[in-house]
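Residue numbers (my numbering), protein chains in the order written: chain D, 1 to 323; chain B, 324 to 588.
What follows is a single structure, written as structure tokens, with notes after it.
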Amino acid sequence: VTGVEPSLTVDLAPTNKLGLRLANPVLVASGTFGYGTEYQPLVDIQRLGAICSKGITVRPRRGNPPPRIAETPAGMLNAIGLQNVGLRRVVAEKAPIWERWTVPVIVNISGESVDEFVRLASTLEGVAGVAGLEVNISCPNISAGGRLFADDAESAATVTRAVRAATSLPIMVKLSPNVSDVVEIALAIEAAGADCISVANTFVGMMIDVAAARPYIANVTAGLSGPAIRPIVVRMVYQIAGWVRIPIVGVGGVTCLRDALEYFMAGATAVQVGTANFVNPNTGVEIVDGLGGHLRERGLASVTELVGAARRASRDSLAVTVE
Amino acid sequence: MRLVRVRVTGNELIMPGTHVLDLASPEVAASASPGQFVHIRCGPSWDPLLRRPMSIYKIRPSGVSLMVRAVGSGSEIIAASPPGAELDCLGPLGRPFALEPSRRQLVLVGGGYGVAPLIAFAEHALARRCEVILLVGAASAVQVFPAALVPPEVEFQVATMDGSLGHRGFVTELLPGLLSWADGVYACGPNPMLEAVSRLCRPGARGLAGQTDSAKPIQLAMEQHMGCAMGVCLGCVVKTRRGYERVCRDGPVFQADDIVWESVS
């Protein structure tokens with residue numbers, strides 16, 4: 001491989017006719033990069049592998065009352081409540097901007113019912129500027145009494161199947177980590193036709209305002225993200241990679257090249273940078289910058305050769321036992 | 324707005340726990356306006372994680388100065404930065420105070436640490452030949468912003484809760500007597516103080532009979548914990564008549580009558 005520039009390209013939807021070929025495996029996570037435009041003054045966004053948009057819903061949502069965020073050890077809690085401009089304005093105002101970009105935009109969609117997911121997916125089908133969908137099944141399922149679609153394999157599969165039938169776009173389904181068996185749900189999503197899986201959404205957490213003796217976040221519970229969760233999500237990726245064949249996208253606490261390598265070696269084909277964008281908006285681009293050199297040092301021709309490297313070196317059984 | 328490494332050229336303890344940091348950055352200074360803030364990283368580590376928003380306290384051609392109160396793990400790190408150190412600085416950010424040309428007589432109300440952007444604004448207003456009265460409140464004398472640092476052209480009044488300096492009680496108790504004189508009120512401080520300022524300045528309130536909000540702008544610089552400060556994370560919202568708005572992007576300066584106080588915790 002001497003003298004040959006290592007390949008950073010990955011395809012997150014290898015069995016989909018449209019494919020989801022990315023110039024590199026470093027994405028930015030939904031909710032941490034707005035609609036992509038906000039960071040343009042600071043970041044050369046076209047150098048990212050892809051941008052996952054802020055989660056959108058059929059109608060605009062005003063979101064939760066404040067306080068919405070809190071800092072925690074090496075992490076943060078958030079309960080934004082899916083504040084967004086709604087499907088119609090995303091199609092009318094954001095997609096025409098995305099169409100002019102070279103970086104693919106993956107639209108994160110959230111529904112409170114299967115019908116809402118279908119409406120989102122079918123409306124976005126064929127919209128120029130939309131490269132794929134990330135299906136956020138970790139929002140409350142009103143039709144199932146407030147449980148999350150991501151909570152059990154059957155609901156997760158139902159949503160995935162419905163979205164699959166509604167669109168030919170590549171679909172990435174975002175797992176919830178707040179379940180007892182991520183593998184079971186990952187397998188159900190794969191069987192239901194997902195092109196890839198993002199692992200994972202935030203962990204449900206909480207903070208108490210001890211001076212006031214009440215929950216600090218107005219929503220009471222909130223999602224934990226940041227470096228604090230990385231070891232748990234790396235474990236989940238490692239675990240899931242032993243069972244599913246579709247690409248896995250690792251998301252949780254990625255702050256630098258080393259963190260991204262952990263995910264690749266655990267079995268992820270790509271990573272999403274999330275909370276780190278708030279601290280260093282160039283985190284994703286810096287990882288891309290470092291990745292080529294790292295591959296050359298290891299004598300690898302493609303980043304895909306790193307995927308699962310730690311698995312192959314390990315004698316562990318594919319099913320990881322969590323004590 | 325820029326993301327730059329800036330050198331600390333001065334660090335002075337102006338009162339217990341509160342430092343003034345001078346940052347060398349002509350680029351940041353050139354685009355900065357009073358009321359805006361910068362978002363400072365706490366160091367190369369990811370714990371504490373988030374940047375800390377800091378009001379711009381002074382704007383010089385060579386850079387800006389910040390008033391940093393060491394109140395937690397993050398601000399302690401920033402406050403301890405010695406001259407020569409570098410800080411990772413994002414800014415200037417946010418909507419500044421607006422000073423319409425017709426405003427001549429201004430009352431500025433600062434609660435505690437909230438005095439920082441008012442000093443920058445006072446200097447700006449003085450350069451525009453406005454008359455400025457600054458009211459500052461604190462728990463006790465030791466926490467009062469030093470008079471020596473207030474521009475000499477500014478009339479300065481102090482209130483302390485324990486009466487150890489100036490008026491005994493809330494700083495907002497000094498405001499009604501000045502409302503017939505003032506044609507603009509600008510405030511920064513804790514939310515209960517801002518709410519009191521807003522209430523006192525409402526049309527029909529004592530001392531304001533016959534005047535309307537449009538005649539007398541009340542501008543408040545809100546404080547809120549922030550994530551990205553780029554308008555992306557939607558973490559720092561405050562409820563306004565238009566819905567939830569971002570303190571980092573739609574503020575930090577808001578018109579007083581836009582804020583829905585019942586929702587402000």
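Cβ coordinates follow ideal geometry from the N, Cα and C atoms, glycine included.
No experiment lies behind these values; they were computed from the predicted model shown.
CB contact flag (residue i, residue j, <8 Å)
i	j	result
D/Tyr35	D/Pro281	no
D/Gly267	D/Val233	no
D/Phe203	D/Ile240	no
D/Ile69	B/Gly460	no
B/Ile363	B/Leu326	no
D/Gln46	D/Thr102	yes
D/Gly274	D/Ala29	yes
B/Ala445	B/Pro424	no
B/Val583	B/Arg564	yes
D/Asp44	D/Val285	yes
B/Pro469	B/Met377	no
D/Ala150	D/Val127	no
B/Ala505	B/Gln428	yes
D/Ala95	D/Gly129	yes
Close beta carbons around residue i, own chain, < 6 Å, minus the five adjacent residues each side
i	result
B/Ile541	Val508, Cys524 and Ala579
B/Ser388	Val343, Asp345, Tyr380 and Lys381
B/Arg330	Ala347 and Glu409
B/Pro575	Gly417, Ala544 and Met545
Cβ neighbours of residue i in the same chain (closer than 8 Å, five flanking residues each side left out)
i	result
D/Asp11	Gly19, Leu20, Arg21, Leu22 and Pro247
D/Arg245	Glu190
B/Gly489	Val467, Gln480, Val481, Ala482 and Thr483
D/Met207	Ala70, Thr72, Leu77, Pro215, Tyr216, Ile217 and Ala222
B/Pro415	Met324, Val351, Ser354, Ala355, Ser356, Gln359, Phe360, Val361, Ile379 and Val387
B/Ser521	Ile541, Leu543, Ala579, Asp580, Ile582 and Trp584
Presumed contact (8 Å Cβ cut-off) between residue i and residue j, rounded CB distance
i	j	result
D/Ser176	D/Ile106	Rounded, the Cβ-Cβ distance is 18 Å, inconsistent with contact.
D/Thr167	D/Glu125	4 Å
D/Val26	D/Ala260	7 Å
D/Pro6	D/Leu300	6 Å
D/Ile169	D/Gly132	Per the sequence presented here, residue 169 of chain D reads as Leu, with Ile not at that position. 5 Å between Cβ atoms; contact.
B/Val432	B/Gly512	7 Å
B/Ile456	B/Val438	Wrong, their Cβ atoms sit about 13 Å apart, outside the cutoff.
D/Asn219	D/Gly81	7 Å
B/Tyr436	D/Gly63	Actually they do not touch by this definition, with Cβ atoms about 28 Å apart.
Any chain B beta carbon closer than 8 Å to residue i
i	result
D/Val220	no
D/Gln40	no
D/Met206	no
D/Gln83	yes
D/Phe33	yes
D/Pro67	yes
D/Pro227	yes
D/Val279	yes
D/Asn78	yes
D/Thr255	yes
D/Arg89	no
D/Arg62	yes
D/Glu286	no
D/Gly75	yes
D/Glu93	no
D/Glu112	no
D/Arg296	no
Contact set for residue i: own chain, Cβ-Cβ below 7 Å, skip 5 residues either direction
i	result
D/Asn84	Lys54, Gly55, Ile56, Thr57, Pro60 and Arg61
B/Gly533	Annotation note: pLDDT 46 at B/Gly533 (below 50); position unreliable, no value reported.
B/Ser398	Arg375, Val391 and Arg392
B/Ser487	Ser463 and Ala464
D/Ala192	Ala157, Thr160, Arg161 and Arg164
D/Thr37	Ile97
Interface flag, residue i vs chain D, CB-CB below 8 Å
i	result
B/Arg374	yes
B/Met553	yes
B/Pro515	no
B/Trp584	no
B/Pro371	yes
B/Val560	yes
B/Cys571	no
B/Ala550	This sequence places Gly at residue 550 of chain B; Ala is not what is there. Closer than 8 Å: yes.
B/Arg328	no
B/Leu531	Model confidence at B/Leu531 stands at a pLDDT of 46, short of 50, so the residue's coordinates are unreliable and nothing is read from them.
B/Asp581	no
B/Gly566	yes
Partners in chain C for residue i, counting only beta-carbon separations shorter than 8 Å
i	result
B/Met545	Among the protein chains in the structure shown, which are D and B, there is no chain C.
Which residues DSSP lists as bridging residue i, in chain order
i	result
B/His342	B/Leu336 and B/Val391
B/Glu454	B/Gln428
B/Pro376	B/His362
D/Met236	Answer by DSSP bridge pairing: none, since D/Met236 is not bridged.
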